[in-house]
Every structure is written in C-alpha cells, then in structure tokens.
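Engineer: Under the UniProt record's numbering, the first residue of the sequence shown is numbered 1, with each subsequent residue one higher.
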Amino acid sequence: MADTGVVTVYGNGALYETQKKSPFSVKVGLAQMLRGGVIMDVVTPEQARIAEESGACAVMALERVPADIRAQGGVARMSDPQLIKDIKNAVTIPVMAKARIGHFRVPADIRAQGGVARMSDPQLIKDIKNAVTIPVMAKARIGHFVEAQILEALGIDYVDESEVLTPADEDHHINKHNFRVPFVCGCRNLGEALRRIREGAAMIRTKGEAGTGNIVEAVRHVRSVMGDIRVLRNMDDDEVFTFAKKISAPYDLVMQTKQLGRLPVVQFAAGGVATPADAALMMQMGCDGVFVGSGVFKSGDPARRARAIVQAVTHYSDPDLLAEVSCGLGEAMVGINLNDDKVESFVYCDRGMVSEMP
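1. Measuring CB to CB, does V202 end up less than 8 Å from P182?
2. Quick check on D157: buried or exposed, where buried means 16 or more other Cβ atoms within 10 Å of its Cβ?
3. Short check: CB of K139 to CB of I87, under 8 Å?
4. Which residue's Cα is closest to the Cα of S120: E53, A61, G293?
5. Do you know how far the Cα of E331 is from the Cα of P23?
6. Within 10 angstroms of its Cβ, does V292 collect 16 or more other Cβ (buried), or is it exposed?
7. If you pair each beta-carbon of the stretch 204-214 with each one of the stretch 263-277, do three or more pairs fall below 8 Å?
8. Identify, in the order they occur along the chain, each residue of the same chain with its Cβ nearer than 6 Å to the Cβ of E199, setting aside the five sequence neighbours on each side.
9. In terms of DSSP beta bridges, what is P122 paired with?
10. Measure the CB-CB distance between P250 and V164 and report whether it falls below 8 Å.
11. Is there contact between the stretch 42-50 and the stretch 316-333, where contact requires at least three CB pairs shorter than 8 Å?
12. Measuring alpha carbon to alpha carbon, tell me which of F297, P264, I309 ends up nearest A280.
13. Can you look up V116 in the DSSP assignment and give me helix, strand or coil?
14. For P81 and A148, I'd like the C-alpha separation in whole angstroms.
15. Measuring only the C-alpha atoms, how far is G300 from R64?
16. By a C-beta neighbour count over all protein chains shown, 10 Å radius and 16 as the cutoff for buried, is S37 buried or exposed?
17. In chain order, what residues of the same chain lie with their CB nearer than 6 Å to the CB of M255, ignoring the 5 residues before and after it?
18. Looking at the unbroken alpha helix (DSSP H) that takes in G227, where does it start and where does it end?
19. Use the C-beta contact count for D252: other C-beta atoms within 10 angstroms, 16 or more gives buried, fewer gives exposed.
20. Report buried or exposed for A193, applying the criterion of at least 16 other Cβ atoms within 10 angstroms of its Cβ.
21. If distances are taken between C-alpha atoms only, which option among R233, P276, Q267, Q284 comes closest to G261?
22. DSSP three-state label for F179, please.
23. Would you mind reading off the limits of the alpha helix (DSSP H) that contains E239?
24. For the beta strand (DSSP E) that contains D160, what are its first and last residues?
25. Quick check on S25: buried or exposed, where buried means 16 or more other Cβ atoms within 10 Å of its Cβ?
26. Considering only C-alpha positions, which residue in the set E324, G328, K298 is nearest to V43?
27. Could you say which of E217, E52, R195 lies nearest to K245 if we only look at CA atoms?
28. Between R223, H221, K258, which has its C-alpha nearest D238's C-alpha?
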C-alpha cells in the first residue's frame with residue numbers, strides 16, 4: 001500500500017482511492033467518546049428517536065434485529081443505504097452500521113427469519129441518519145470490504161464488522177486500516193480481541209448470542225477476556241512470548257494489554273442484554289458499555305425499557321436505583337434457551353463463521 005492512499009484490490013488492476021486515512025489513534029479516540037454508554041439496534045427512524053430520547057450514546061441501523069434473523073433465516077447483508085441515511089438524519093448521536101464477516105434486521109428478527117443477512121438498504125441508513133443527532137452505526141459482513149466502503153461513503157459514524165450477518169469471507173476479516181471510519185468487531189476471548197485490534201478495530205465488543213435475550217454467552221465471553229487479562233498481568237515478561245503464541249495474538253499488543261491491565265481499546269458487551277440487571281452486570285464485570293437491540297424493541301414497552309437500561313449502565317453500582325428503574329417495564333423479550341439443540345449460534349462455526357485459530 002503506497003502513501004498515496006491507492007491500494008490494488010487482489011492484483012486485478014482495479015484501484016480504490018482511500019483518500020486520506022485517519023490515524024488509528026484518532027479512531028480509538030472516537031470510540032472512547034462512547035464509553036459508559038448504551039448503543040441500541042434500531043430498524044426505523046422512529047426507533048432511532050426512541051433510542052436518542054432514552055439517552056443512548058449511539059444507534060446501530062438494522063433491517064432485521066438478530067431475533068428475527070434467527071427465525072426467518074436467509075442471507076443477512078448490509079442495510080439499505082437509504083435506511084442508514086434516514087436514521088442518521090433522525091438523531092444527533094453516532095450511527096453505526098454492520099458490514100458482512102455486513103441488512104437491517106435486528107438480531108431477534110434475523111434469528112426468526114433466517115436466510116442470508118446482508119448490509120442494510122442504504123436508503124434505510126439515510127432515513128435513520130436524518131432522524132437523529134446521535135452517532136449512527138451500521139453492520140457490514142465479515143470480510144466484505146466493499147460494503148464497508150459503501151457505509152463509509154454514506155457518512156456512517158462507525159462500522160460493525162458483524163458475525164450476526166452472513167459472512168462474506170470465511171478466512172479473512174476486513175483490513176480496517178484502509179478506512180477513515182472507526183470499526184467495531186466482536187470477540188469471544190482475548191486472542192480474538194487482539195487479532196481484531198491488529199487489523200484496525202477501534203472498539204471491541206464481546207459477542208454473546210444476539211437475538212436470544214439470554215445473557216449467559218455474554219457473561220462467558222466477558223469472563224474469558226477479563227480472566228485472561230488477570231492472568232497476563234501476573235506473568236513475568238519472559239512468559240509473555242509463550243502466552244502470545246498460545247492465544248495467537250501479536251506480542252506487542254499482548255504486552256501493551258499487560259501493562260494497561262485492560263484492552264488497548266474500548267470494550268463493550270453485546271448479545272443477550274434484555275434487562276437493566278443484565279446491563280449492570282456487564283458493567284460490574286468491567287465492560288465500558290453495552291449494545292442492546294432485540295431486548296428493547298422486542299419488549300412490551302420499548303421506550304421505558306430503553307430508558308431503564310441507560311440508567312442501569314450509568315448507575316450500575318447502585319442497587320437501590322437499579323431496583324427502582326427495573327420496576328414496571330412491561331413484558332420483557334421472550335428469551336431463548338441456548339441449551340436447546342435446535343438453536344442456531346451466530347458465534348460459532350456452524351453458521352459459517354470465519355475460521356479462527358485457537
């Protein structure tokens with residue numbers, strides 16, 4: 001890659017002008033601004049406004065929530081760009097969009113409808129961008145760098161290279177250093193987290209199991225990351241070389257994590273957060289914030305529950321306030337028992353997940 005910002009795509013002579021790329025430190029700084037907040041999955045500008053009014057720090061523009069993707073099946077792709085624009089125009093907080101491993105369905109809908117989950121319709125993204133003033137995120141499929149290019153061109157604030165969508169490349173993630181926009185990536189353990197950071201991820205989220213309303217996998221992944229960091233902090237420097245090889249992570253990032261006592265970037269929790277108690281649990285376990293989607297908009301009173309979860313993240317160490325905000329929220333999202341053999345995982349390789357070294 002030359003300093004001019006022009007990169008050759010797969011040696012076929014096609015050139016992509018990346019313009020001036022943002023330094024990684026700038027992207028990490030943008031992600032730090034979301035620390036201590038709640039990022040909500042939304043599928044309409046109206047939901048984006050509810051999220052903004054509840055105090056969410058950003059919204060994730062989707063065509064189907066993960067719960068519906070699970071139920072409906074099919075291919076989950078990047079959202080319609082018009083939807084992303086509409087969501088961005090509706091709020092003043094950041095907007096994220098997911099790109100395949102990046103269509104706008106929240107995870108619950110993705111689970112219900114199935115098929116291939118892709119990037120959302122760009123028109124939907126535009127509508128959401130126009131509806132709010134908070135940042136807007138959007139999803140891209142893992143490895144689908146063209147979806148990420150489209151999302152960046154739409155002015156998305158953050159791109160989520162997401163395992164919730166149907167992977168586009170089963171062997172490679174997007175080279176996130178080629179983009180100006182910050183990327184969010186998921187992880188199950190410390191090794192995955194540091195590999196994604198090496199690729200240019202400015203924010204890490206533990207994966208959990210999106211669209212289930214079941215927090216157990218999120219807890220498992222957070223404990224895995226935090227546990228490995230505690231072990232790492234107590235190691236002699238000489239032992240770090242072997243540990244880095246064991247988790248297949250870059251030595252310099254492993255050493256930086258040891259010195260910091262945490263990941264070098266912001267770490268959010270995601271997948272299964274459905275109640276204020278779930279959100280507070282993630283914060284007390286050491287996360288910097290939470291993603292929530294199906295848990296809010298698949299509940300009986302989304303606006304009230306959204307406000308309660310935001311309050312729970314802000315006051316996660318105050319049991320009295322947590323008890324107060326947890327009252328009268330209406331019916332919660334119907335959860336999924338992950339011990340059921342019929343439940344499809346978004347996280348593990350049975351869904352065509354990108355291959356990962358142990």
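Quick reminder that beta carbons are idealized off the backbone N, C-alpha and C, glycines included.
Structural biologist: Short version:
1. One point to set straight first is that residue 202 is Ala, not Val, in the sequence displayed. It is a contact, given that the beta carbons lie within the stated cut-off.
2. buried
3. no
4. Closest option to S120, Cα to Cα, is A61.
5. 45 Å
6. buried
7. yes
8. H173, K176
9. Within the DSSP bridge table, the entry for P122 names Q82 as partners.
10. no
11. The answer is no - the stretch 316-333 does not touch the stretch 42-50, with fewer than three Cβ pairs under 8 Å.
12. I309
13. strand
14. Taken atom to atom, the span from the alpha-carbon of P81 to that of A148 is near 11 Å.
15. 18 Å
16. It is worth fixing the name first, because residue 37 is Gly in this sequence and not Ser. Its Cβ being crowded by 16 or more others within 10 Å, G37 is buried.
17. V240
18. 216-233
19. It counts as exposed.
20. By the 16-neighbour rule on beta-carbons within 10 angstroms, A193 is buried.
21. R233
22. coil
23. 237-246
24. 159-162
25. exposed
26. K298
27. R195
28. K258
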